[in-house]
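The sequence shown lines up with residues 1118 to 1461 when you count with my numbering.
Following: one structure in C-alpha cells, then a few remarks.
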Amino acid sequence: MQTISLGSTGIVAQINGFGALPIQRDDKDTAVRLLRKAYEHGINYYDTARGYTDSEEKIGLAFGDMGIRDRIYIATKTHAGDVAGFWRDLETSLRMLRTDYIDVYQFHNPKQVYRPGDGTGMYEAMLEAKAKGMVRHIGFTNHSLERAAECITSGLYETLQFPFSYLSGAPEMELVRRCREANMGFIAMKGLAGGLITNSAAAYAAIAEAGTVLAIWGVQRESELDEFLSYIDAPPVMTDALRAVIEADRKELSGDFCRGCGYCMPCTVGIDISTAARMSQLIRRAPSAPWLSEAQQANMRKIEECVECGACASRCPYGLDTPRLLKKCYEDYKKILSGEVSVT
1118 MQTISLGSTG IVAQINGFGA LPIQRDDKDT AVRLLRKAYE HGINYYDTAR
1168 GYTDSEEKIG LAFGDMGIRD RIYIATKTHA GDVAGFWRDL ETSLRMLRTD
1218 YIDVYQFHNP KQVYRPGDGT GMYEAMLEAK AKGMVRHIGF TNHSLERAAE
1268 CITSGLYETL QFPFSYLSGA PEMELVRRCR EANMGFIAMK GLAGGLITNS
1318 AAAYAAIAEA GTVLAIWGVQ RESELDEFLS YIDAPPVMTD ALRAVIEADR
1368 KELSGDFCRG CGYCMPCTVG IDISTAARMS QLIRRAPSAP WLSEAQQANM
1418 RKIEECVECG ACASRCPYGL DTPRLLKKCY EDYKKILSGE VSVT
C-alpha cells in the first residue's frame, strides 16, 4: 500500500484520497455504502466541503457511529467571507460530519490569502478554532497560481490543495516542489482534469511519480471506486505505454481548455458553462449517449442566447475566453449531431 506523509501535519494517508464532491449526486444509501467500502479497503482520507450540499451529512452517516474516527482523516472547507460565517460553517460541518474535530480545515478558494492582522479576522478565527481543538490543521485551496504561491510563501498554512494532473505544466510542478521544501502538504484535486483524462492508471502513475502528492479522486459510482481500490494492491507504475498515453493527451489538450472547476458560474442566461465549454473534448474522449441527450442539446442551444457579458471570463481562474470556447464547442456539437463529424 502506497502512503503519503502530508507535510508537517503528521497525517499519513493512503495515496488514494476519497473526493466526496460527487456523492452529493448519490442517494444516501449509495453514498454510505461507497464510503464504507472505501474505508474497509484501506482509504483513510476523505475530502468534502460545506458547499458540497449534503456531502458532509453522508460522511457523517457513514462513519459517525462506526467508532473509527481515530483511523480516518476528514478534510472539509469553508467558503465563508467573514468571521460569523466561518463559525457558522464550522459548527454546521462538525454537526453534519458527526465529529468534534476536523483534521484539515481549509479556506475554500478565497480571493486572498488570509493572514493575521489583515483586517478580516479570518485567520485569527482559524487559530482560535485550532486552539479549541475543533480544527487540527489549517489548509488553503485555490485555483489561482498566484494565490497558491503566496500561500506557500506566507508560512501560515499546513496544506495546499490545488488542481494537479499530468496535464499540469511547469508552474504547478513548481508549487509541488516548493511545498515539499517547505514541509507543507500538497493535495491534488482534479487529478482526472474534470473528466478529460480517461486513463486512471496513467493519472495515478503520474501523480505517484511526484512523490509527495496526496490525490483526491472524485467518486460517484462503485465502478470508479473499484478502479482506484484495485490500485492499492497493484499500484500502476510509469511505463513507456503510459508515457505514450500521457504525451498523446498533452498534445490533444494543449492550449486553452476548460477544466470544469465551475467558478465561472452562474451564467446570466442559464448556460451550464462547465459542461458546455468542455463538450468538444468530453464527447470525443469519452463518447456517451448522454452527451447527445435532449437535456444536453437544450443546454448547448442556450449558447445561442449568450450576451457576451464577460462575467464568466472575468471569474475564470485560468484566464480563458469562455464565450469563445462556448461558441467553438457549440459549432462542433452541431456537426456531431448532424453526422458531419463522427466520434464513434
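Every residue, glycine too, gets a C-beta built ideally from N, C-alpha and C.
Boundaries of the alpha helix (DSSP H) in which residue i is found, first to last residue
{"i": "Phe1180", "result": "1172-1180"}
{"i": "Ile1269", "result": "1262-1271"}
{"i": "Arg1367", "result": "1357-1369"}
{"i": "Tyr1321", "result": "1317-1327"}
{"i": "Val1293", "result": "1287-1298"}
{"i": "Tyr1240", "result": "1239-1248"}
{"i": "Gln1414", "result": "1411-1418"}
{"i": "Val1424", "result": "Segment: none, Val1424 is in no alpha helix (DSSP H) and carries neither H nor E."}
{"i": "Phe1203", "result": "1200-1214"}
{"i": "Ala1406", "result": "Unbroken run through Ala1406: none, as it is neither H nor E."}
{"i": "Glu1275", "result": "Unbroken run through Glu1275: none, as it is neither H nor E."}
{"i": "Tyr1348", "result": "1339-1350"}
{"i": "Ile1390", "result": "1390-1393"}
Nearest-angstrom beta carbon gap, residue j and residue i [assumed within contact, 8 Å]
{"i": "Leu1178", "j": "Val1200", "result": "With 8 Å as the limit, Leu1178 and Val1200 do not qualify as a contact, their Cβ atoms being about 30 Å apart."}
{"i": "Ala1265", "j": "Phe1279", "result": "5 Å"}
{"i": "Leu1214", "j": "Ile1176", "result": "6 Å"}
{"i": "Ala1325", "j": "Gln1119", "result": "7 Å"}
{"i": "Gly1159", "j": "Ile1349", "result": "5 Å"}
{"i": "Gly1136", "j": "Asp1164", "result": "5 Å"}
{"i": "Asp1187", "j": "Ile1128", "result": "Asp1187 to Ile1128, Cβ: 12 Å. No contact."}
{"i": "Met1382", "j": "Ile1390", "result": "6 Å"}
{"i": "Ile1453", "j": "Ile1400", "result": "6 Å"}
{"i": "Thr1147", "j": "Arg1167", "result": "Not really, about 22 Å apart at Cβ, beyond 8 Å."}
{"i": "Ile1189", "j": "Tyr1156", "result": "6 Å"}
Within 7 Å, strictly: CB atoms of residue i and residue j
{"i": "Gly1311", "j": "Arg1367", "result": "no"}
{"i": "Tyr1321", "j": "Pro1353", "result": "yes"}
{"i": "Ala1130", "j": "Asn1161", "result": "yes"}
{"i": "Glu1475", "j": "Val1386", "result": "Only positions 1118 to 1461 of the chain appear in this structure, which leaves residue 1475 out of reach."}
{"i": "Asp1373", "j": "Leu1437", "result": "yes"}
{"i": "Leu1277", "j": "Phe1303", "result": "yes"}
{"i": "Asn1316", "j": "Ser1125", "result": "no"}
{"i": "Leu1359", "j": "Ala1332", "result": "no"}
{"i": "Pro1139", "j": "Gln1398", "result": "no"}
{"i": "Tyr1218", "j": "Gly1250", "result": "yes"}
{"i": "Ala1351", "j": "Val1330", "result": "no"}
{"i": "Leu1370", "j": "Leu1442", "result": "no"}
{"i": "Ile1269", "j": "Arg1294", "result": "no"}
Residue i - partner residues in DSSP beta bridges
{"i": "Trp1334", "result": "Phe1135"}
{"i": "His1158", "result": "DSSP, once it has assigned bridges, lists no residue as partnering His1158."}
{"i": "Pro1280", "result": "Met1306"}
{"i": "Ala1130", "result": "Ile1121"}
{"i": "Tyr1163", "result": "Phe1135, Ile1191"}
Through-space distance from residue j to residue i, alpha-carbon basis
{"i": "Tyr1440", "j": "Glu1263", "result": "One point to set straight first is that residue 1440 is Pro, not Tyr, in the sequence displayed. So the alpha carbons of these two residues sit roughly 24 Å apart."}
{"i": "Leu1409", "j": "Ile1255", "result": "43 Å"}
{"i": "Gly1091", "j": "Thr1216", "result": "Within the shown structure, residues of the chain are numbered from 1118 to 1461, placing residue 1091 beyond reach of any answer."}
{"i": "Ser1459", "j": "Glu1173", "result": "41 Å"}
{"i": "Tyr1222", "j": "Val1252", "result": "6 Å"}
{"i": "Glu1364", "j": "Lys1307", "result": "18 Å"}
{"i": "Tyr1435", "j": "Ser1282", "result": "15 Å"}
{"i": "Asn1259", "j": "Gly1202", "result": "19 Å"}
{"i": "Lys1419", "j": "Gly1328", "result": "44 Å"}
{"i": "Ala1393", "j": "Gly1335", "result": "20 Å"}
{"i": "Asp1206", "j": "Ala1197", "result": "7 Å"}
{"i": "Glu1341", "j": "Ala1428", "result": "34 Å"}
{"i": "Glu1344", "j": "Gly1236", "result": "46 Å"}
For residue i, the first and last residue of its enclosing beta strand (DSSP E)
{"i": "Ile1304", "result": "1302-1306"}
{"i": "Val1221", "result": "1219-1225"}
{"i": "Ser1397", "result": "No beta strand (DSSP E) contains Ser1397, which is instead part of the alpha helix (DSSP H) from 1396-1402."}
{"i": "Tyr1450", "result": "Looking at the DSSP string, Tyr1450 is not in any beta strand (DSSP E); the run it does join, the alpha helix (DSSP H), is 1439-1455."}
{"i": "Ile1191", "result": "1190-1195"}
{"i": "Val1252", "result": "1252-1258"}
{"i": "Thr1120", "result": "1120-1122"}
Beta carbon proximity, residue i to chain D, threshold 7 Å
{"i": "Glu1289", "result": "Judged by its chain identifiers, the structure shown contains no chain D, having just a single protein chain."}
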